[in-house]
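S.K.:
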Amino acid sequence: MIYNIFYLVTRMEIVQQQVTLRARPRGFHLITADIEDCLSAIKRWKAGICQVFIQHTSASLTINENADPTVRIDFETYFNKAVPENDPDYRHGYEGPDDMPAHIKSSVMGSSVTIPIRDGRLALGTWQGIYLCEHRNHGGSRRLMVTAWGN
Amino acid sequence: MIYNIFYLVTRMEIVQQQVTLRARPRGFHLITADIEDCLSAIKRWKAGICQVFIQHTSASLTINENADPTVRIDFETYFNKAVPENDPDYRHGYEGPDDMPAHIKSSVMGSSVTIPIRDGRLALGTWQGIYLCEHRNHGGSRRLMVTAWGN
Amino acid sequence: MIYNIFYLVTRMEIVQQQVTLRARPRGFHLITADIEDCLSAIKRWKAGICQVFIQHTSASLTINENADPTVRIDFETYFNKAVPENDPDYRHGYEGPDDMPAHIKSSVMGSSVTIPIRDGRLALGTWQGIYLCEHRNHGGSRRLMVTAWGN
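From first to last, the protein sequence lines are chains H, A and B.
All residue numbers in the first sequence are consecutive under our numbering, ending with 151.
All residue numbers in the second sequence are consecutive under our numbering, ending with 302.
All residue numbers in the third sequence are consecutive under our numbering, ending with 453.
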C-alpha cells in the first residue's frame with residue numbers, strides 16, 4: 001500500500017443546488033458534465049466531497065465507464081434480464097410492467113453517488129462517469145440535489 | 152437542465168446519534184419517521200447532509216417508495232428469488248439457510264443511505280422513504296448511527 | 303426505538319489522502335486495516351464520517367462480514383452466477399469475458415463506502431469489515447481516495 005499526498009482543510013463550507021434534468025429515454029445516460037456545470041463554487045477548494053441525490057424511486061444514479069457507449073447499452077440489457085417485467089408474483093404495477101422493476105433497479109443501483117473533490121475538481125478516475133439510470137419508459141424530467149462540502 | 156436555488160453555508164457543524172431499532176420481521180420496513188425523530192438538531196439548518204449507517208451485515212438500508220405497502224412485499228419476493236437460500240455452493244451457513252443470502256442482500260442494497268438536508272428537513276422526494284431491509288428470519292434489534300452535518 | 307449518546311461538534315475539518323492498494327486476485331478482500339492505517343488524523347475526533355472511494359469501474363467497495371473467510375468465497379460464487387460471463391447479448395468485451403461483468407458488479411456493489419467515525423475510530427459494527435471487490439482476473443493495483451470530515 002502506498003500513501004500519497006495528504007490534505008488537511010479547516011473552515012469547511014457547504015454548497016447545495018437543486019438541478020432538474022431534462023427527460024431522457026429509458027436506459028443509462030452519462031451526466032458528468034451536467035453535474036460539473038453546477039459546481040463552479042468548488043473550483044477554489046483543495047479537498048471536499050460532492051454528493052448527488054435523485055429525488056425519485058424509479059430512476060437512480062451510479063458511477064461507471066465513461067468512454068464506450070456499448071457499456072451503457074449492456075447495462076440496460078443486463079438489468080432487464082436480472083429484474084424481469086411481468087413477474088406474476090409482483091403485486092404493485094399500477095403504472096405498467098416497468099413500474100415495479102424500476103423500483104427494484106433503483107435500490108440495486110442506489111439513489112445517490114458520493115465523489116471526492118480534490119484541487120477544485122471531482123476526483124473521478126480516468127474512466128469514471130456519473131450515470132443517470134432511467135428505469136421508466138416515460139420517466140419525464142428528474143430532480144437532483146447536488147451538495148458539496150469542503151474548502 | 153435547470154438550476155434552482157443555490158445555498159452556501161459556512162461554519163458547519165456535525166451531530167451524531169446512536170439509535171437502536173426494535174426487532175422487525177424479515178422484510179422491508181419504512182423507518183423514515185424513526186430517523187426524522189432523532190434529527191431535531193437540524194431544524195434550524197439551511198443546508199446539510201444526513202447519513203444513516205447500519206452496524207450489521209445481515210440487514211441493510213435503502214430508499215424507495217413510501218406509499219404503497221405492496222412495493223415492500225414485492226421487494227421481499229424479488230430478492231428471495233434473486234438471492235436463493237440453500238444454494239449447495241454456499242460454504243457459509245452456520246446460522247441457517249437465511250445466513251449467507253442475508254449477507255449478499257446487504258451488500259446489494261448497502262449499509263448506509265445519505266440524504267440531503269434543506270431548510271431544516273430531509274430533502275427526500277415526495278414518494279421516497281427510508282427502508283430497513285431485514286434479511287434475517289430473526290434479526291433482533293438493529294443498531295444505527297445517524298450522522299448529520301451542515302448549518 | 304432507543305436513542306443513545308448524542309454528540310455535537312463544531313469547527314469541522316477534512317482530511318483527504320490518496321491510497322494505492324497492491325494488486326489482489328479476483329475476489330473479495332478485507333481492507334479494513336489498510337484504511338484504518340491512513341486515518342491517524344481522526345484519532346482525536348469525537349464524531350465524523352469517513353468516505354472511501356475507488357477510482358475504477360471494474361472493482362468496487364462494500365461492507366460485510368469480517369470474520370469467516372468463506373463468506374468472501376461465497377460472494378465470489380454468488381456474483382459469478384448472478385452476473386454471468388460470455389452472455390452473447392453483451393456488446394462490450396474488448397478486454398475479455400470478465401470485462402463487462404466487472405462493470406456491472408461494480409455498479410451493483412458501488413464505488414464507495416461511507417462509515418461514521420466516533421471517539422477516534424471507524425464506528426463499524428462488531429462483524430463489519432471493508433471489502434475490496436476485485437472483479438477482474440488481472441486488475442492490478444487499485445487507487446482509492448480516503449476522505450474524512452469531523453472533529
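For each residue, glycine too, the CB sits at the ideal point set by N, CA and C.
Where do the N-terminal and C-terminal ends of the beta strand (DSSP E) with N64(H) fall, by residue?
M.R.: 59-65 is the extent of the beta strand (DSSP E) around N64(H).
S.K.: Taking 6 Å as the limit between beta carbons, can you name the residues of its chain near T298(A), skipping five residues before and five after?
M.R.: Result list for T298(A): Q167, Q202, in chain order.
S.K.: Quick check on P176(A): does DSSP put it in helix, strand or coil?
M.R.: Coil at P176(A), not helix or strand.
S.K.: According to the Cβ coordinates, are I266(A) and A198(A) closer than 8 Å?
M.R.: No, Cβ-Cβ distance for I266(A) and A198(A) is not below 8 Å.
S.K.: Using DSSP's beta-bridge definition, name the partner residues of W300(A).
M.R.: In DSSP, W300(A) forms a bridge with I165(A), I200(A).
S.K.: Is the Cβ of V108(H) closer than 8 Å to any Cβ of chain A?
M.R.: So yes, V108(H) belongs to the interface.
S.K.: Would you mind telling me which residues of chain H sit closer than 9 Å to T359(B), beta carbon to beta carbon, in chain order?
M.R.: Ordered by position in chain H, the residues that pass the 9 Å Cβ test against T359(B) are I63, N64, E65, N66, V71, G125, W127, Q128, G129.
S.K.: Under 7 Å between beta-carbons, which chain B residues line up against T183(A)? List them in chain order, please.
M.R.: Those do not exist, as T183(A) stays about 13 Å from chain B at its closest Cβ, beyond 7 Å.
S.K.: If you measure beta-carbon to beta-carbon, which residues of the stretch 9-38 of chain H are closer than 8 Å to chain A?
M.R.: If the cut-off is 8 Å between Cβ atoms, the stretch 9-38 of chain H has R11, M12, E13, I14, V15, Q16, Q17, Q18, V19, T20, L21, R22, D34, D37, C38 near chain A.
S.K.: Could you give the first and the last residue of the continuous beta strand (DSSP E) run that contains Y90(H)?
M.R.: Looking at the DSSP string, Y90(H) is not in any beta strand (DSSP E), and its letter there is neither H nor E.
S.K.: Considering S409(B), what are the terminal residues of the alpha helix (DSSP H) in which it resides?
M.R.: Start and end: 401-411.
S.K.: Rounded to whole angstroms, what's the CA-CA distance from R294(A) to Q169(A)? Just pull it up for me.
M.R.: Roughly 7 Å separates the two Cα atoms.
S.K.: A102(H) versus chain B: which residues are under 9 Å apart at the beta carbon?
M.R.: Simply none; closest approach about 16 Å.
S.K.: Short of 8 Å Cβ to Cβ, which residues in the stretch 74-92 of chain H face chain A?
M.R.: Correct list: A82, V83, D87, D89, Y90, R91, H92.
S.K.: With a CB to CB cut of under 6 Å and the five nearest residues on each side skipped, what residues in its chain are close to Y392(B)?
M.R.: Cβ neighbours of Y392(B) beyond the five flanking positions: M402.
S.K.: Is A343(B) close to chain H, meaning its C-beta is less than 8 Å from at least one C-beta of that chain?
M.R.: It does: the Cβ of A343(B) has a partner Cβ on chain H nearer than 8 Å.
S.K.: Relative to the C-alpha of N382(B), which candidate in G398(B), A404(B), I365(B) has its C-alpha closest?
M.R.: If we check each option's Cα against that of N382(B), A404(B) comes out closest.
S.K.: Please go through the same chain and pick out, in chain order, the residues whose beta-carbon is closer than 8 Å to the beta-carbon of S414(B), but skip the five residues on each side of it.
M.R.: Q353, V354, F355, I356, L363, listed in sequence order.
S.K.: What does the Cβ neighbour count give for E285(A), buried or exposed, with the cut at 16 atoms within 10 Å?
M.R.: Buried, since its Cβ has 16 or more Cβ neighbours within 10 Å.
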